[in-house]
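*Asks:*
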Amino acid sequence: MGLREYFKIASQLDPNQYGKAYGLTTMIPVLPDRADALEARLESLDPLASPFGALRQAHCVRLLVIRDLVYQGAPQKPEHLNQPYLVFTASFDGELDRFLRDLAALPEAGEVFSCCKGYAAEPGAFVAWMRSHKKDNGYFLTPWPFKTVQDVQEALRVHEGFQGIVDEARGMSDAELQDKFRALMRP
Amino acid sequence: MSAVLDSERPRGRNTSGRARCLTMLTPIRPFWTPVVWLIMRSARYHTYFRDHSLQFKFIYYVRWAVFREFSAGEKKRYSYLFFESNFDIPWRQYIDAFAYVIPKDIRVIWGRGFSFPGPPPAEPLKRWIAMNSLEGGHYHSAYPQASVKMTLAAFEAHDRLLRLKREAAGLSPEQFRKAFDAAVADLQRHL
Amino acid sequence: MTHGRPDALPRRPHVTGELDYGDLQGNLVRGYPHGYGCYVFVRVADAARGRAWLKGLQVTSAELWDSPPADTLNLAFTYGGLAALGLSPQLLATFPEDFREGMAARAELLGDHGENAPANWEPGLGTGDAHVLVTLYGLTPADLERARARLEEGLGDAVTVVHEQHSLPSETDHFGFKDGISQPAIAGDGNEARPGDGLPNEGGGWRELAAGEFVLGCRDQDGGLPVAPAPPFDKNATFVVYRKLRMHPERLRTYLAGIDGHDPRMLAAKMVGRWQDGTPLVTSPHGPDPVLAADPARVNDFRYTTDMAGFACPIGAHVRRTNPRDHEGFFAGKLVDRHRIIRRGRAYGPPLPDGALEDDGHERGLVFKCYQADIERQFEVIQSRWIADGDPFALGNDRDPTVGYHDGGGRMVIQSRPPRPPIVLVRLPTFTTVRGGEYLVRPGLRALAWLGSPL
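Residue numbers (my numbering), protein chains in the order written: chain A, 841 to 1027; chain B, 20 to 210; chain C, 2 to 456.
(1) So is B/Lys-123 in contact with chain C if we call contact Cβ pairs under 8 Å?
(2) State the start and end residues of the unbroken beta strand (DSSP E) segment that holds C/Tyr-37.
(3) Using a Cβ-Cβ cut-off of less than 7 Å, give me the residues of the stretch 215–241 of chain C that come near chain B, in sequence order.
(4) To the nearest angstrom, how far is the alpha carbon of C/Pro-286 from that of C/Thr-239?
(5) Using a Cβ-Cβ cutoff of 7 Å, what residues of the stretch 418–436 of chain C are near chain A? List them in chain order.
(6) Say whether chain A places a C-beta atom closer than 8 Å to the C-beta of C/Arg-400.
(7) Give the residues from the stretch 1000–1023 of chain A that approach chain C closer than 7 Å (Cβ to any Cβ), ordered along the chain.
(8) Could you tell me whether any Cβ in chain A is nearer than 8 Å to the Cβ of B/Glu-193?
(9) Assess, as a yes-or-no matter, whether the stretch 950–966 of chain A is touched by the stretch 975–989 of chain A under the definition of 3 or more beta carbon pairs within less than 8 Å.
(10) When DSSP labels each residue in this structure, what does A/Leu-888 get in the three-state scheme?
(11) Would you say C/Tyr-33 and C/Val-241 are within 8 Å of each other, going by their C-beta atoms?
(12) C/Pro-325: which of C/Gly-362, C/His-363, C/Asp-360, C/Val-283 sits nearest, CA to CA?
(13) Does the stretch 192–209 of chain C come within contact of the stretch 325–335 of chain C, defined as at least 3 CB pairs closer than 8 Å?
(14) Got a sec: which bits of the stretch 314–326 of chain C sit with their beta carbon under 9 Å from any beta carbon on chain A, in order along the chain?
(15) Establish whether the CB of C/His-4 and some CB of chain A are separated by less than 8 Å.
(16) Run through DSSP, which three-state label would C/His-167 get?
(17) Below 7 Å on C-beta distance, what does B/Pro-163 contact in chain C?
(18) With a 10 Å radius around its C-beta and 16 neighbouring C-beta atoms as the bar for buried, classify A/Leu-996 as buried or exposed.
(19) Checking contacts by CB at 8 Å: is B/Pro-46 closer than that to chain A?
(20) Starting from A/Ile-906 and walking both ways along the beta strand (DSSP E), at which residues does that stretch end?
(21) For the alpha helix (DSSP H) containing C/Arg-254, name the first residue and the last one.
(22) With H, G and I counted as helix, E and B as strand and the rest as coil, what does DSSP make of C/Ile-376?
(23) Would you tell me roughly how many angstroms separate the C-alpha atoms of C/Pro-351 and C/Tyr-40, rounded to the nearest one?
(24) Mapping the DSSP letters down to three states, classify B/Tyr-162 as helix, strand or coil.
(25) So, are the CB atoms of A/Val-904 and B/Leu-153 less than 8 Å apart?
(26) Mapping DSSP to helix, strand and coil, what is C/Ile-342?
(27) What residue from C/Glu-19, C/Ser-62, C/Leu-86, C/Gly-81 has the CA that sits closest to C/Trp-451's CA?
(28) How far does the beta strand (DSSP E) with B/Ile-47 in it extend, from its first residue to its last?
(29) Any beta carbon of chain A sitting closer than 8 Å to that of C/Arg-254?
(30) Using the three-state DSSP reduction, which class does C/Thr-80 fall into: helix, strand or coil?
(31) Since B/Arg-208 meets chain D, which of its residues come closer than 7 Å, beta carbon to beta carbon?
(32) Could you pull out every unbroken alpha helix (DSSP H) segment of at least 4 residues lying fully inside the stretch 218–283 of chain C, listed in chain order?
(33) Using a 10 Å radius around the Cβ and a threshold of 16 neighbouring Cβ atoms, would you call A/Glu-879 buried or exposed?
(34) On the CB-based measure, 16 or more other CB atoms within 10 Å of its CB, does C/Gly-5 come out buried or exposed?
(35) Do you know whose CA, among A/Asp-886, A/Phe-1002, A/Pro-983, A/Asp-1019, lies nearest B/Val-81's CA?
(36) So which residues of chain B does C/Lys-335 contact, with C-beta pairs closer than 9 Å?
This is the structure we're talking about:
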């Protein structure tokens, strides 16, 4: 990491930010009679075709329902959760409010978050409600703090295309090679 | 939750393509809560934890958070350390890497909990993590087929090829081939 | 040829050992010198008669002998076999999940797709019918035949053969390479360790591996006892991977002959990581070194720190993948320690005549066999992460060139020191196909006696 990037990160006051990335961590009480349905719904979603993929700024999103705490054994005194919780985390680019508004607009968000206490469908109220359940991170880290999802996807596209050209380069004329490279690097 | 996590299924609830997510929520001894909080918050100002964690090149995004309460109405005896790591190798090898290469870091962060089996050795730590790993739910990654190394390689290749594009602006095909071959030689670890 | 192992490596001198040779089955810590092998998978129809049959078998232990017996016999059991022999559900449940599921059920993890998928395996393997593997070796073909006939006589009605395979002594594998050179050096196994066989020490030298990486009941590299099934399978036992690999040298020869401007023998060596005579590419990148290859103290003594860029031995070469030693990203070998295996495979089938480029209708290959305390951590990590994938080496999706499944689009980059350009091998066909396999457990002799006693 260069000096300029280091200072950018060191000067960020919001502990949830790391470069351009934001780490949202939330724990939201679930309506006790909706916990089973919520869990079943989450498990029915396809990880490779996720409705949360519509959030174009999100690198990764995790949802899970926890029913209780794990007891570590003596000398810890055992304790229990009063209610089930939805853990919703996301690592995304940019502004929190923008992300939460985009999340509010997802049809799936309505299905999932309506299982939680105090859910409000209206975007402004939803944003405030999510913010009220936000937990601050102590430390949030990524190897590419200044790369957006689109930066990653574009780099991967170019790299894959380059590999394809390399594989066939011997059999191409120089002009063909140049054309293929130009096509890859456009725009 | 099973006492011992058996082999991972290829598309588990916390897996998407190459990406996997490990989530844990473990109690912190009361006296140590402010210390853990301080260790976490100061980490952004130095490179120790960053360099140690990122040297393996298998972490996408990782976070630690100290939960003093779960919700407005629910505060417990203990504070809890929330840990979520998004990485691209089987979780047992993930633990091996930390346990065998940087065990001190693990002990510093989780050693302030209860009954924590400090590495090395790695096997008791794996059992502890299996016991605490929060399963189920749903996981999404925006680039599930790309590992961390593939992504880092793509950034390097992209930069080098952008440079080639700039240099190649006015070249003849024969000259371009030479410039292309030079880029290939530079990128041979990423072909 | 009377030896199963490469001629380059004479038997290691014996030093004081700490393992229980009387209880361990043979061929684990010291490979047998017998050249001719036979692997007989049987199905047991009835627990009582199956146990009675077992009781009548004379199993070869790991005790040293002054001169080798004419033949040897060893036993291993699949999970289905243990169940068929009447083990209680409680005892069966103490066996690890990888062993319980079996190799066929884990095909996706192992990368066994297409041609290699269990649906295409030979009869008797991967179906649940294989219960007990009887491994016979003979010093001569006649010795082996006698042993096989003795086995046949004793089978009776309740025990039927479901799959059988013979192996032949061979100086090289069917791709023309000396095989089996590198084996883990184990502390206390009674063999003098050869340089390179152990784990690399930072700053030079090698150290031996803990016996518990291969023998249940002994301490392993992590310092504890490896997770083991309940007694009597908790001591002096090991897990076995049996995998019949068909090799297609005609495909390899044809492919390499089609690459202009490069010596096929050099390209093949780059794919493997050694020259055909066993000379490591790292120590001798420009050509084989027969003197070095014949020296057991040097043929395996090399490290990758001097070749991190892969200019001598390509990063994706077979030997580099299957034992990364101190290659970058493995932290001076710390992340390799727990993934070593003992290999006892043997060649099968007649060699393809020199110069032949077509399939001659004869099958040939390697009966791959390895031993480890933990199938998932050892064999499966090598197979699923280092052979069936390239990411641990920053090679993306590229698979092992010689052993990997390529699905028509395999590729390998051969790094070259500039100004020589790297060589990119594309459209690699699959050179090695999986014909079937099983996961088994190889108990100690006391456990075998228990298995042979009435229910």
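Every residue, glycine too, gets a C-beta built ideally from N, C-alpha and C. If you're wondering where the values come from, they're calculated on a predicted model, not measured in any experiment.
*Replies:* Looking at the atomic coordinates:
(1) Counting from one through the second sequence, the residue named residue 123 of chain B turns up at place 104. No, its Cβ sits nowhere closer than 8 Å to a Cβ of chain C.
(2) Here the question's residue 37 of chain C lines up with position 36 in the third sequence. Start and end: 37–45.
(3) Asp-223, Gly-224, Gly-225
(4) Numbered from 1 along the third sequence, position 285 holds the residue referred to as residue 286 of chain C. Numbered from 1 along the third sequence, position 238 holds the residue referred to as residue 239 of chain C. Near 37 Å, if we compare the C-alpha coordinates of C/Thr-239 and C/Pro-286.
(5) Val-425, Val-427
(6) To locate residue 400 of chain C, count along the third sequence from 1; it is residue 399. It does not: the Cβ of C/Arg-400 has no partner Cβ on chain A nearer than 8 Å.
(7) Val-1006, Asp-1007
(8) Here residue 193 of chain B corresponds to residue number 174 of the second sequence, with the count starting at 1. Output row for B/Glu-193: interface = yes.
(9) no
(10) Numbered from its first residue, the first sequence carries residue 888 of chain A at position 48. If DSSP states are grouped into helix, strand and coil, A/Leu-888 belongs with coil.
(11) The sequence position of residue 33 of chain C within the third sequence is 32, counting from 1. The sequence position of residue 241 of chain C within the third sequence is 240, counting from 1. No, the pair does not count as a contact, with Cβ atoms beyond the cut-off.
(12) Your numbering for residue 325 of chain C matches position 324 in the third sequence. Nearest C-alpha to C/Pro-325: C/Val-283.
(13) yes
(14) none
(15) Here residue 4 of chain C refers to the residue found at position 3 of the third sequence. Legend: pLDDT at C/His-4 = 34, less than 50; position of this residue unreliable, value from coordinates given subsequently. By this cut-off, C/His-4 is not an interface position.
(16) The residue given as residue 167 of chain C occupies position 166 in the third sequence. Strand.
(17) Within the second sequence, the letter at position 144 stands for residue 163 of chain B. Those within 7 Å of B/Pro-163 in chain C number zero; the least Cβ separation is about 13 Å.
(18) The sequence position of residue 996 of chain A within the first sequence is 156, counting from 1. With 16 or more other Cβ atoms within 10 Å, it is buried.
(19) Within the second sequence, numbered from 1, the residue matching residue 46 of chain B stands at position 27. Yes, because at least one Cβ of chain A sits closer than 8 Å to the Cβ of B/Pro-46.
(20) Position 66 of the first sequence, counting from 1, holds the residue named residue 906 of chain A. Its beta strand (DSSP E) spans residues 898–906.
(21) Here residue 254 of chain C refers to the residue found at position 253 of the third sequence. Looking at the DSSP string, the run of the alpha helix (DSSP H) that includes C/Arg-254 is 250–258.
(22) Numbered from its first residue, the third sequence carries residue 376 of chain C at position 375. Coil, per DSSP.
(23) In the third sequence, counting from the first residue as 1, residue 351 of chain C sits at position 350. In the third sequence, counting from the first residue as 1, residue 40 of chain C sits at position 39. So the alpha carbons of these two residues sit roughly 17 Å apart.
(24) Taking the first residue of the second sequence as position 1, residue 162 of chain B is located at position 143. Coil, per DSSP.
(25) If you number the first sequence from 1, residue 904 of chain A lands on position 64. If you number the second sequence from 1, residue 153 of chain B lands on position 134. Reading the sequence as shown, one finds Leu at residue 904 of chain A and not Val. Going by C-beta atoms, A/Leu-904 is nearer than 8 Å to B/Leu-153.
(26) In the third sequence, the residue the question calls residue 342 of chain C occupies position 341. Note: C/Ile-342 maps to coil in three-state DSSP.
(27) Within the third sequence, the letter at position 450 stands for residue 451 of chain C. C/Trp-451 has its Cα closest to that of C/Leu-86, out of C/Glu-19, C/Ser-62, C/Leu-86, C/Gly-81.
(28) Locating residue 47 of chain B in the second sequence gives position 28, counting from the first residue. 38–47 is the extent of the beta strand (DSSP E) around B/Ile-47.
(29) Along the third sequence, one-based indexing puts residue 254 of chain C at 253. So, not an interface residue.
(30) Residue mapping note: residue 80 of chain C aligns to position 79 of the third sequence, counting from 1. The displayed chain sequence assigns Tyr, not Thr, to residue 80 of chain C. Of the three classes helix, strand and coil, the one that applies to C/Tyr-80 here is helix, per DSSP.
(31) In the structure shown, chain D cannot be found, because the protein chains are A, B and C.
(32) 250–258, 265–273
(33) As a first step, residue 879 of chain A must be located in the first sequence, where it is residue number 39. With 16 or more Cβ atoms within 10 Å of its Cβ, A/Glu-879 is classed as buried.
(34) In the third sequence, the residue the question calls residue 5 of chain C occupies position 4. Note that C/Gly-5 scores a pLDDT of 40, beneath 50, so its modelled location is shaky and nothing firm can be said.
(35) Taking the second sequence and counting its residues from 1, the one referred to as residue 81 of chain B is at position 62. The candidate whose alpha carbon is nearest that of B/Val-81 is A/Pro-983.
(36) To locate residue 335 of chain C, count along the third sequence from 1; it is residue 334. Simply Asp-115, Ala-116, Tyr-119, Val-120.
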